[in-house]
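**Student:** One point on numbering: in this note's numbering, the residue at position 32 of the sequence shown is 28, and numbering is uninterrupted.
Quick one: structure below, then a few questions.
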Amino acid sequence: MAMLGEIIVHGEDIRRPLGLQHRASEAALVAVADSYKTSNFLLGAKRRIAGLKLNATDSDWVWGDGPEVSGPLISLIMAMTGRTGADRDLTGEGLTTLQGARS
């Protein structure tokens, strides 16, 4: 799972600044989000999203309780890994908390 996450996240790291569009498969995105949501290993995603509800607007993926952060699943994954570029795609009362959780 770690390698799939690396491919998805680092691919977005490259594509987003260049304005290149790509849609990874929903199954791959869900698998990565499910892996990251419960792990602090290397990325600290579990700590970063603690106390928040993440709601993907382009799939049925939802995680957590608390103030909500909504947006495309790829942007939620990017935010879970601490990337700031995903913020423009996200909304919700929990967004400020998520932004403050970056290390």
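Note that beta-carbon positions come from the ideal geometry of N, C-alpha and C, so glycine has one too.
Computed from a predicted structure; not experimentally measured.
If contact is defined by three or more beta carbon pairs under 8 Å, each pair taking one atom from either stretch, is the stretch 26 to 46 in contact with the stretch 65 to 83?
**Tutor:** yes
**Student:** Measuring only the C-alpha atoms, how far is Ala52 from Gly67?
**Tutor:** The residue given as residue 52 occupies position 56 in the sequence shown. The residue given as residue 67 occupies position 71 in the sequence shown. Roughly 5 Å between the two C-alpha positions.
**Student:** Roughly how many angstroms separate the alpha carbons of Arg98 and Thr92, rounded to a whole number?
**Tutor:** Residue mapping note: residue 98 aligns to position 102 of the sequence shown, counting from 1. Residue mapping note: residue 92 aligns to position 96 of the sequence shown, counting from 1. So the two alpha carbons sit approximately 11 Å from each other.
**Student:** Consult DSSP for Leu69 and reduce its assignment to one of helix, strand or coil.
**Tutor:** As a first step, residue 69 is located in the sequence shown; it is residue number 73 there, counting from the start. In this structure, Leu69 counts as helix in the three-state DSSP scheme.
**Student:** In three-state terms, what does DSSP make of Glu64?
**Tutor:** Mapped onto the sequence shown, residue 64 falls at position 68. If DSSP states are grouped into helix, strand and coil, Glu64 belongs with the strands.
**Student:** Check Leu0 in the structure and name its three-state DSSP category.
**Tutor:** Position 4 of the sequence shown, counting from 1, holds the residue named residue 0. Reduced to three states, the DSSP call for Leu0 is helix.
**Student:** When DSSP builds the beta bridges, which residues end up paired with Ala52?
**Tutor:** In the sequence shown, the residue the question calls residue 52 occupies position 56. In DSSP, Ala52 forms a bridge with Gly67.
**Student:** What does DSSP give as the partner residue(s) for Trp59 in the beta ladder?
**Tutor:** Here residue 59 is taken as the residue at index 63 of the sequence shown, counted from 1. Answer is Leu50, bridged to Trp59.
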